[in-house]
Structure formats: structure tokens, C-alpha cells
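Before any comments, here is the structure.
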Amino acid sequence: MKRILSVILLGFLISGISFAQVYKWVDEKGVTHFTDDASQVPEKYRPKAESVEAIQEKEDTSVEGEIAPKKKEDSYQDRLGRGEDYWKGRVDESRRKLGELQDKFNGLTTRYNGLTERLNASRSTAERGALRTERDQVQKEMDECKTQMVEAKGVLEKKIPEEAELYKAKPEWIKQ
């Protein structure tokens, strides 16, 4: 009786697995596709399609059109599960913010210099007072902008690299 049960159980296990021919190809975007039907491989990729012997369980659905899992090195994440896109996004955002601040500072400097020229050329006491007040306001904005630029540089050059090291992100993700 045990022998018959063993044979039946073995029959179920063997019938649950089938050997199938699987074809693999990579499209122009670098996406890897798999199918078990050679006619499903687009014509232009057929010469480069590889035939792969695979063992599949019958319950599996066709893997046609699915993206192959990323290589282990491509799927590396930091300690909090964040990948390369997160870290590069942080660096890009910090660079963008710093660039905007530098542009703002340059504009304020131009405005300050123009006000100084107008102040020097003015002969009216009232106009000179108004120009001095406006120029002082621009100077305050320039000082605030300088402070923000120093902070943005600190984030880009110190804070992000320190966080990346703390969370074990790859150093090349934050290279400037």
C-alpha cells in the first residue's frame, strides 16, 4: 500500500513540472523579455534571441513580456531600502537649488551695482535717500542669499555624503 501511495505521489510531483523551451531577447531599451513561443519574439529580435531550457511548474502563467529581475548589483539599496535614483535625485535637487541661489545672487549683485551707480550720479538728496534705502534692502537680500548658498553647498558637499555613508549608499551614487 505504501508503495502505491509513493508511486501516485511521485506521479503528481512529476506531472506538476514540465520542461519548456523559453526564448529570451533584449529590446532597444535594454529590457529583457521571455516567452515560451518563438513566434512571439518580434522579428527584428529573433536573430539575437536565445533559447533557454527552463523548468516551469504548470501553474505558472506565461512569462512573455515580463522584465527579467535586475542583477543583484543593480538592485542594491541602502539600509533604508533606497536606491540609486533616490540618492541621485537628492544630489540633483541640491545642485538645482544651489544654481537657483547663484542666479538670484548674480541678479541681486547687478541690481545693487546699478543702484550704486544711480546713487553716485544723483544730485537730489531725497532721491539719494530712497536709493540708499533700496540699496540697503538689496544688500540684506544678498546676505540672506549668501547664507542660503553656504547651506546648500554644505548639504551637497557634506550632509548628503555623510548620510550616504551612514546608510551605506554606494559612493558613486552621489558623485558630483
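All residue numbers for the sequence shown refer to the working numbering, where the first residue is 3 and numbers rise by one. From the three backbone atoms N, C-alpha and C, an ideal C-beta is built for every residue, glycine too. Note that this is a predicted model, so its numbers are computed, not measured.
Helix, strand or coil for residue 42, going by three-state DSSP, please let me know. helix
Boundaries of the alpha helix (DSSP H) in which residue 80 is found, first to last residue: Careful: residue 80 lies outside any alpha helix (DSSP H) and carries neither H nor E.
Rounded to a whole number of angstroms, what is the C-alpha to C-alpha distance between residue 156 and residue 130? 39 Å
Short check: CB of residue 36 to CB of residue 24, under 8 Å? yes
Give the single residue among 169, 167 and 158 whose Cα lies nearest to the Cα of residue 92. 158
Do you know how far the Cα of residue 30 is from the Cα of residue 101? 35 Å
Do we get a CB-CB distance below 8 Å when we pair residue 147 with the residues of chain D? As a matter of chain content, chain D is missing from the structure shown, which is built from one protein chain.
Quick check on residue 161: does DSSP put it in helix, strand or coil? helix
Run through DSSP, which three-state label would residue 28 get? strand
Alpha carbon of residue 33 to alpha carbon of residue 26, nearest angstrom: 11 Å
Identity of the residue in 166, 174 and 177 nearest residue 83 by Cα: 166
Coil, strand or helix - residue 96 by DSSP: helix
On a CA-only basis, which of 48, 81, 39 and 46 is nearest residue 170? Give me that one, please. 81
Work out the CA separation of residue 114 and residue 141 for me, nearest whole Å. 7 Å
Return the bridge partner residues of residue 102 from the DSSP annotation. In DSSP, residue 102 forms no bridge with anything.
Could you tell me whether the Cβ atoms of residue 133 and residue 121 are closer together than 8 Å? yes
Locate the alpha helix (DSSP H) running through residue 146, then write down its first and last residues. 127-156
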